[in-house]
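Q: Before anything else, here's the structure in question.
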Amino acid sequence: MSEDQTRNLLSTLPAVESVLKQLEKLDECKDTPREVLAEIVREKLAEFRKAILEKGQGLGGEGEEEIFNQIKSSIKKFQFSKLQPVINATGVLIHTNMGRSPLGSDQAKALYDIATQYNNLELDLESGARGTRAAYVEKLLQILCESEKATMVNNCASALVLVLRCFASSEEKNEVIVSRGELVEIGGGFRIPEIMEASGAKLVEVGATNKTNIEDYRAAITDKTALLMKIHQSNFYMEGFTEAPEVEEISELAKSRGIPFFEDLGSGAMMNTDHLAPIEHEPTPIEQLKKGADIVCFSGDKLLGGPQAGIIAGQSELIARLKKEPFFRAVRCDKLILAVLQETILAYFKRKTETKDVPNVPTIQMMNLSNDLLRERTENFRSQLSSCINKKIDCEIVEGMAKVGGGTMPKSEIPSTKLVIKHPNFKAKKIATLLRSANPPVMGQIEKEHFQLDLRTVFPEQEKSLISSIDQIFDK
Ligand SMILES: *Cc1c(COP(=O)(O)O)cnc(C)c1O
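Following the working numbering, the numbering of the sequence shown begins with 2 at its first residue and continues without gaps.
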């Protein structure tokens, strides 16, 4: 193609400035910085330029409009990616795609107070000298976990890496014995064996996927064994021909050989989950430490209902070594997380005895909410919805199941109440798509071809917004 021909073809493309001028007139673009709009326009035009040159063909008559529409949809896609509140009406309590555990008002207030003022993060108010970071929350955690000591890092994955780096990355002792049945993928494509190897530890797998016994562990111990490790199978379960040694047995073996025994609990239940809802019992750090684990770690934002964190509890000497490890500094929690974690743990101490000992933490409250109360709330919501919006929707209340989620308790379901929403012109999938793009966005569920909402995971303060989102979409 000659240079002239190329120039002619490309001249069919609009200029960045002219597209920008058009975009700036649109309501939906007014909150997006001009620089960002310009970048998206440039990227999109570059794609068109490339396509034109490859095809050797300029834009047709409707080309410009087509470009403009595609640019608008790129902008919309980008705007959707902004971190923003979403109404979770899925009935999945700890939804990893929706930020796991939400915070309650006390937790959020603690966050606000520490975030917007100076504080005593590393200040000893008594002496005025430098103080110890996180001493208060570490003490609370130690008491709550009934352990000798406790500390916290960025998340449970970093707790895992920290423990392995500290105890299992030297030349002489780097072998970590784990059952093959516990080498899980924790989600997002991250697998425990890979996380372990990233720490410098050498994984020694024992047993078979479904069966491991204490002799397998015993036989694998060498002079290089640094740790015996157990990983809680949080996000899956095995049934049938299975066997795993008791925690007590592993502990006994570890003690007799002078090797520390570490358990990654993942879920981090601090309450007896079976007392909160008709679900299974999830092992707690207290129980596992009592059974003989020397050190345990778990997530802060799963069943504990706090912020993203990895909590480590266990023997004083081991925790002290972890805190001296240089990597500890790289994965420490910031003041905002510490503020929320502190308030979360305090909520566990403050729980009222008359309300079945349930702390004021949303994840726990939602799990504990009785289905009778939820049904009543859903009925009220339905009448409000039908009086507020005067569209052709049909709402029906049905029984269903909520889930704990977040890669925890895969077997457990909580009896819950669902509001099925039907519209003569919209299929369930269409309703779901429209509600995701409403303001605020709403995530529901599709069950047996019907779109449904579960108010168990919707905060009462969100009900008005939920009605407004439903109202918006049926205008379309
Ligand atoms: C969830 C989970 C992790 C990872 O926890 P994060 O806090 O997300 O880092 C690690 N181990 C187990 C067993 C888990 O369930």
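The beta-carbon is built from N, C-alpha and C at its ideal position, and this holds for glycine as well.
Apart from the five residues just before and just after E183, which ones in its own chain have a Cβ nearer than 7 Å to its Cβ?
A: K231, I232, Q234
Q: Sorted by chain position, which residues of the same chain lie with C-beta nearer than 8 Å to L375's C-beta, five sequence neighbours on each side aside?
A: S417, T418, L456, R457
Q: Quick one: is the Cβ of C334 within less than 7 Å of any heavy atom of ligand 3?
A: Within the structure as shown, ligand 3 is missing, the only ligands being ligand 1.
Q: What does the alpha-carbon distance come out to for the pair E67 and F49?
A: 11 Å
Q: Taking the runs of the beta strand (DSSP E) that are 3 residues or longer, which of them lie wholly in the segment 397-422?
A: none
Q: According to DSSP, is I260 helix, strand or coil?
A: coil
Q: Can you give me the start and stop residues for the alpha helix (DSSP H) that H276 sits inside?
A: 274-277
Q: Counting only the same chain and skipping the five closest in sequence on each side, list residues whose C-beta sits under 7 Å from that of E355.
A: Note on E355: pLDDT 44, under 50, position unreliable in the model; the coordinate value appears next. For E355, where only same-chain residues beyond five positions count, there are no Cβ hits under 7 Å.
Q: Are the CB atoms of N176 and K212 nearer to each other than 8 Å?
A: Note that residue 176 is Glu in the sequence shown here, rather than Asn. When the beta-carbon positions are compared, E176 and K212 stay at least 8 Å from each other.
Q: Inspect the beta-carbon positions of E464 and F382 and report whether they are closer than 8 Å.
A: Between E464 and F382, the C-beta gap is smaller than 8 Å, which places the two residues in contact.
Q: Would you check if there are 3 or more beta carbon pairs closer than 8 Å linking the segment 131-145 to the segment 289-297?
A: no
Q: From the DSSP output, which residues share a beta bridge with L38?
A: Bridge partners of L38: none, in fact.
Q: At what residue ranges does the segment 289-331 contain a whole run of the beta strand (DSSP E), taking only runs of 3 or more?
A: 296-300, 311-315
Q: Return yes when the Cβ of L94 is within less than 8 Å of the Cβ of V405, no when it is not.
A: yes
Q: Considering only residues of the same chain and omitting the five flanking positions on each side of G401, which have a CB-CB separation below 6 Å?
A: S417, K419
Q: Hey, how far is the Cα of D32 from the Cα of F81?
A: 12 Å
Q: Strictly by DSSP, which residues pair up with Q446?
A: Q453
Q: Just to confirm, is the Cβ distance from I390 to I280 under 8 Å?
A: no
Q: Go ahead and label D295 buried or exposed: buried means 16 or more other beta carbons lie within 10 angstroms of its beta carbon, across all protein chains shown.
A: buried
Q: Please report the distance separating the alpha-carbon of S12 from that of R35.
A: Between the alpha carbons of S12 and R35 lies a gap of roughly 24 Å.
Q: Give me the Cα-Cα distance between E198 and N372, rounded to the nearest whole angstrom.
A: 45 Å
Q: By Cβ distance, which residues of its chain are closer than 7 Å to L337, with the 5 residues on each side in sequence left out?
A: Closer than 7 Å at the Cβ level, and outside the excluded window around L337, lie L112, I115, A116.
Q: Quick check: C167 and P286, are their CB atoms within less than 8 Å of each other?
A: Not closer than 8 Å, so no.
Q: To the nearest angstrom, how far is the alpha carbon of E206 from that of S102?
A: 33 Å
Q: Taking the beta strand (DSSP E) that M99 belongs to, which residues open and close that run?
A: Here M99 belongs to no beta strand (DSSP E), and DSSP marks it neither H nor E.
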